[in-house]
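Shown next, in structure tokens, is the structure this report addresses.
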Amino acid sequence: VVALGGVLLVAVLAGTVTFDAGGLSSLAAADPTLARVAFALLVVGFGVKTAVMPLHGWLPAAMVAPTPVSGLLHAVAVVKSGVFALGRTVLYVFGPETTWDLGMGLPLAVAAAVTMVLAGVVGLRQDNLKRGLAYSTVSQLSYVALGLALATPLSVFGAFVHVVAHAFMKITLFFVAGVVAAETGVKYVSDLAGIGRRLPLTMAAFGVAAAGLVGFPLVAGFVSKFHLVLGAAASPYPVFVAAYLLAGLLKLLYFWPVVYVAFFGRRGSDGSESEHAFAPPHATDGGYAAADAWERRTLGAETTPFMLLPVLFTVGAAVALGVAPTAFPFWDLANAVVAEVFG
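The following block contains the structure:
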């Protein structure tokens, strides 16, 4: 409803609701104040799906959904529609120049930067694995929002690349959380000690995807974040580079203990192994009554192919995007958007 109000104001001010690369030139000419109101309404409306604080509350709550559903919510479908709409607003409705001439670019950038950092801080305090990943999503979406708000060619390019990169990395993490819950019943970080020895491929995929979200090279996240940082450095406010770096450090502080404890941690006070570290899966038939050919034990008692193969595919895609990003169509698409908007 809020976004609809912004659309109606745009229609009144510009006489059209057709997208135009670089923005509708007549939008702010008639009444700059109303143009600011329209921008604010659109950003607030789409900011709910983008999970910009304080509009983020629904996203951590949605992590209680079954893992495939929460993976789609947090990585692919709903949240990405929010940043897509925000990109359309900044680049094709108002345009980068008008957005900053109206004084709306900086407030949006500040809100995104604050969200990146605060969500990272809150995520550090989460013991529930999926809830921690949810706050990571809140932070990662604001990487994109900040890139769009700064509205430099490099930051916009990095923002669109990060939409794709984040999707593969984050859905890998949610798939892993689902495998861990299905195979061991563990849902909390404090119970993960030694689980990497029970689920080595699964937790290795978690480590690779987490490294990508932090921004390590050879994973998709490095490519997108490299361009986002360069774009921030080229903006009138290079201080936002510090926000990106601080948010990345917070991701490292969250993910490193998870990966380390999973592979090297011991649970008991006497140094004994975790009670589930080498335990058999809950059901030797893969959780289905007639799954003889697909039992978990066919994969060394790790999990079923139906659960492991998607994890390996998505983490493999994240690595491929990090190693050879220019080989994928989205790279040319992001370049085309930048060329269309900035000329």
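Residue numbers (our numbering): 1174 to 1516. The beta carbon of each residue, even a glycine, is placed where N, CA and C say it ideally should be. Please read all numbers here as calculations on a predicted model, not as lab measurements.
The beta carbon of Gly1438 lies closer than 8 Å to those of Leu1365, Ala1366, Gly1367, Ser1447 in the same chain, with the five residues before and after it left out. Of all C-beta pairs linking the region 1285–1296 to the region 1308–1316, three or more are shorter than 8 Å, placing the two stretches in contact.
Judged by DSSP in its simplified three-state form, Tyr1361 adopts strand. With a threshold of 16 other beta carbon atoms within 10 Å, Trp1273 meets it and is buried. For Leu1181, the uninterrupted alpha helix (DSSP H) segment begins and ends at 1175–1187. Ranked by Cα distance from Val1387, the options Phe1347, Asp1204, Ala1405, Lys1343 are led by Lys1343. Counted as a single uninterrupted DSSP element, the stretch harbouring Asp1193 is not any alpha helix (DSSP H), since DSSP gives it neither H nor E. Distance from the CA of Pro1483 to the CA of Ala1350, rounded to the nearest whole angstrom, comes to 13 Å. The residue from Ser1363, Pro1478, Pro1227 with its alpha-carbon nearest to that of Val1434 is Ser1363.
Taking each of Gly1255, Ala1201, Ser1328, Thr1357 in turn and checking the Cα distance to Val1511, the smallest one comes out for Ser1328.
Residue pairing by DSSP puts Asn1301 in a beta bridge opposite Tyr1361. A distance below 7 Å between beta-carbons, with the five flanking residues on each side excluded, links Phe1333 to the following residues of its chain, in chain order: Ala1507, Val1510. By the criterion of at least three beta-carbon pairs nearer than 8 Å, the region 1400–1419 is not in contact with the region 1371–1379.
Sequence-distant Cβ neighbours of Phe1413 in its own chain, meaning closer than 8 Å and more than five residues away, are Ala1282, Ala1286, Leu1319, Leu1323, Ala1405. In terms of CA proximity to Val1496, Val1392 leads the group Val1432, Leu1485, Val1392.
In the three-state reduction of the DSSP assignment, Ala1324 falls in the coil class. Per the Cβ contact rule, the region 1255–1268 is in contact with the region 1190–1200 (3 or more Cβ pairs under 8 Å).
Take the alpha-carbon of Tyr1361 and the one of Asn1301: they are about 4 Å apart. Note that the C-beta distance between Gly1178 and Thr1223 is not below 7 Å. If the five residues before and after Pro1326 are omitted, its C-beta is found closer than 6 Å to the C-beta atoms of Val1511, Phe1515, all from its own chain and listed in chain order. Here Pro1502 is not near Val1396, since their CB atoms are 7 Å or more apart. Judged by DSSP in its simplified three-state form, Phe1437 adopts helix.
Taking the C-beta atoms as reference points, Met1277 is found no nearer than 7 Å to Ser1312. Leaving aside the five residues that flank Phe1379 on each side, the residues in its chain whose CB is nearer than 8 Å to its CB run, in chain order, Thr1345, Leu1346, Val1349, Val1431, Val1432, Ala1435.
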